[in-house]
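Trainee:
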Amino acid sequence: MSVRVQREAFDYGRECAGFERAAAASGAGAVVTFCGIVRDLPGGGLRHMEIEHYPGMTERALGAIEAEARQRWALDAALIVHRYGSLAPGETIMMVATAAPHRADAFDAAAFLMDYLKSRAPFWKKETGPEGAAWVAARTEDEAALERWSDAAARRGDGPGGA
Amino acid sequence: MTLQVLYFAWLRERIGLPREEIETRAQTVAELVAELRTREPRYDAAFADMAAVRVALDQELAGMDAPLAGVREVAFFPPMTGG
Chain A
29 MSVRVQREAF DYGRECAGFE RAAAASGAGA VVTFCGIVRD LPGGGLRHME
79 IEHYPGMTER ALGAIEAEAR QRWALDAALI VHRYGSLAPG ETIMMVATAA
129 PHRADAFDAA AFLMDYLKSR APFWKKETGP EGAAWVAART EDEAALERWS
179 DAAARRGDGP GGA
Chain B
110 MTLQVLYFAW LRERIGLPRE EIETRAQTVA ELVAELRTRE PRYDAAFADM
160 AAVRVALDQE LAGMDAPLAG VREVAFFPPM TGG
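Listed below in structure tokens is the structure:
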């Protein structure tokens, strides 16, 4: 299990290949990978995206989210990589990878990791385009996406930390 | 008590600094916010819409009514936009 928060670019394909090899060696039967990419503005012209984070809390929050995923699903491995700093359109922002004996656990755990890190890990995005710079607002859909995991949390008596 | 208070994203920009040490007798986060707002207009502006502000105490998300006893680090920031 691994969490990395870094300024440097990473090679998504290479990360996936390495993750898959390690997962296969540990006997996993399914691997799911996802990456997020810096999207251009609706009208185009994005110059760069600045990602700010809260050093210390970021690693703790991602570690807690990953630990929660391991409790809920039978995972052989999980990986979260998230960048901060200045990124250009088309660059890879972040990735998650999960490995499990069967595909359902790998898919669900990857979706869970994404849903939680979107609105529970302390990252903030600022886009600079033709009109100047603006902070990206949180989407209500992202908050709502967490609700689909709350039934399972209620059955077990708790959920990942967060107000 | 002495608190390290951190600000992120537009809260940092509006207040004009990333962190500061604050001596306070506030018992809860809400009391600390009320105290900060009386300091200067830039604080008042930053905390004008509390629906858009989140708080973490010692790097764990908390509610605005959370007690500050034993806390060392308080961070204020907008809703998170990771991923």
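Here the protein sequences line up with chains A and B, keeping their order.
Quick note on my numbering: the first sequence kicks off at 29 and runs consecutively.
Quick note on my numbering: the second sequence kicks off at 110 and runs consecutively.
Glycine included, C-beta positions come from ideal geometry on N, C-alpha and C.
None of the values given here were measured: they were computed from a predicted structure.
Which residues mark the beginning and the end of the beta strand (DSSP E) in which Arg163/B is found?
Mentor: Mapped onto the second sequence, residue 163/B falls at position 54. Start and end: 163-166.
Trainee: For a test of the three-state rule: what should DSSP assign to Ala154/B, helix, strand or coil?
Mentor: Working through the second sequence from its first residue, we reach residue 154/B at position 45. Looking at Ala154/B - three-state DSSP - the assignment turns out to be helix.
Trainee: Let me make sure I understand the geometry here. Which of Gly55/A, Asp170/A, Thr156/A has the alpha-carbon closest to that of Ser114/A?
Mentor: For this step, residue 114/A is matched to residue 86 along the first sequence. Cα-wise, what sits closest to Ser114/A is Thr156/A.
Trainee: So what does DSSP say about Thr168/A, is it helix, strand or coil?
Mentor: Here residue 168/A is taken as the residue at index 140 of the first sequence, counted from 1. DSSP places Thr168/A in helix when its eight states are reduced to three.
Trainee: Looking at Pro158/A: is its Cβ nearer than 7 Å to the Cβ of Met189/B?
Mentor: In the first sequence, the residue the question calls residue 158/A occupies position 130. In the second sequence, the residue the question calls residue 189/B occupies position 80. Not in contact: Pro158/A and Met189/B (Cβ atoms no closer than 7 Å).
Trainee: So is Ser147/A in contact with chain B if we call contact Cβ pairs under 7 Å?
Mentor: Mapped onto the first sequence, residue 147/A falls at position 119. At least one chain B Cβ lies under 7 Å of Ser147/A.
Trainee: Are Ala165/B and Ala184/B touching if we call contact CB-CB under 7 Å?
Mentor: Within the second sequence, residue 165/B is the residue found at index 56, counting from 1. Within the second sequence, residue 184/B is the residue found at index 75, counting from 1. Yes.
Trainee: Helix, strand or coil: how does DSSP classify Gly187/A here?
Mentor: The residue given as residue 187/A occupies position 159 in the first sequence. In this prediction, Gly187/A scores a pLDDT of 48, lower than 50, which makes its location untrustworthy; the coordinate-derived value is nonetheless stated afterwards. Three-state DSSP puts Gly187/A in coil, outside helix and strand.
Trainee: Excluding the 5 residues flanking Leu107/A on each side, which residues of the same chain have their C-beta closer than 6 Å to its C-beta?
Mentor: Along the first sequence, read from residue 1 onward, the residue named residue 107/A stands at position 79. The residues are Ser30, Phe47, Ala125.
Trainee: What did DSSP end up calling Thr86/A once you bin it into helix, strand or coil?
Mentor: Your numbering for residue 86/A matches position 58 in the first sequence. Helix, per DSSP.
Trainee: With DSSP collapsed to three states, give me the class of Trp163/A.
Mentor: Start at 1 with the first residue of the first sequence, and residue 163/A comes out as number 135. Of the three classes helix, strand and coil, the one that applies to Trp163/A here is strand, per DSSP.
Trainee: In this structure, how does DSSP classify Ser147/A when only helix, strand and coil are distinguished?
Mentor: The residue labelled residue 147/A in the question sits at position 119 within the first sequence. Correct three-state label for Ser147/A: helix.
Trainee: Here's the rule I'm using: 16 or more other beta-carbon atoms within 10 Å means buried, otherwise exposed. How should Asp158/B be labelled?
Mentor: Walking along the second sequence from the start, residue 158/B turns up at place 49. Classification of Asp158/B: exposed, given that the 10 Å Cβ count is below 16.
Trainee: Going by the C-beta, is Trp152/A closer than 6 Å to any heavy atom of the ligand GTP?
Mentor: The model on display carries no ligand, and the ligand GTP is accordingly not part of it.
Trainee: At which residue ranges does the segment 167-191 of chain B contain complete beta strand (DSSP E) runs of 3 or more residues, listed in the order of the chain?
Mentor: As far as the segment 167-191 of chain B is concerned, its whole beta strand (DSSP E) runs of at least 3 residues are 169-171, 182-186.
Trainee: Short of 7 Å in beta carbon distance, which residues of its chain neighbour Val114/B, apart from the five on each side in sequence? Order them along the chain.
Mentor: Your numbering for residue 114/B matches position 5 in the second sequence. Same-chain partners within the cutoff: Arg128, Glu129, Ile131, Val183.
Trainee: Which whole-angstrom value is the C-beta distance of Val60/A and Ala134/A, which I expect to be below 8 Å?
Mentor: In the first sequence, the residue the question calls residue 60/A occupies position 32. In the first sequence, the residue the question calls residue 134/A occupies position 106. Rounded, the Cβ-Cβ distance is 4 Å, consistent with contact.
Trainee: In angstroms, rounded to a whole number, what distance separates the CA positions of Phe62/A and Ala51/A?
Mentor: Position 34 of the first sequence holds residue 62/A. Position 23 of the first sequence holds residue 51/A. For Phe62/A and Ala51/A, the distance between alpha carbons rounds to 16 Å.
Trainee: Let me know the secondary structure DSSP gives Ala102/A once reduced to three states.
Mentor: Within the first sequence, numbered from 1, the residue matching residue 102/A stands at position 74. Coil.
Trainee: With DSSP collapsed to three states, give me the class of Val31/A.
Mentor: Taking the first sequence and counting its residues from 1, the one referred to as residue 31/A is at position 3. Val31/A falls in the strand class under three-state DSSP.
Trainee: For Cys63/A, which residues does DSSP report across the bridge?
Mentor: Residue 63/A sits at position 35 when you count from the first residue of the first sequence. BP columns for Cys63/A point to Met123/A.
Trainee: Determine the burial state of Gly118/A: buried for a count of at least 16 other Cβ atoms within 10 Å of its Cβ, exposed for fewer.
Mentor: Within the first sequence, residue 118/A is the residue found at index 90, counting from 1. So Gly118/A counts as exposed.
Trainee: Would you mind working out which of Trp163/A, Ser178/A, Ala102/A sits nearest Ala161/B, comparing C-alpha positions?
Mentor: Residue mapping note: residue 161/B aligns to position 52 of the second sequence, counting from 1. Closest option to Ala161/B, Cα to Cα, is Trp163/A.
Trainee: So for Arg148/B, helix, strand or coil by DSSP?
Mentor: Sequence index remark: in the second sequence, residue 148/B carries index 39 (1-based). If DSSP states are grouped into helix, strand and coil, Arg148/B belongs with coil.
Trainee: Could you tell me which residues DSSP puts in a beta bridge with Trp152/A?
Mentor: Taking the first sequence and counting its residues from 1, the one referred to as residue 152/A is at position 124. Glu80/A.
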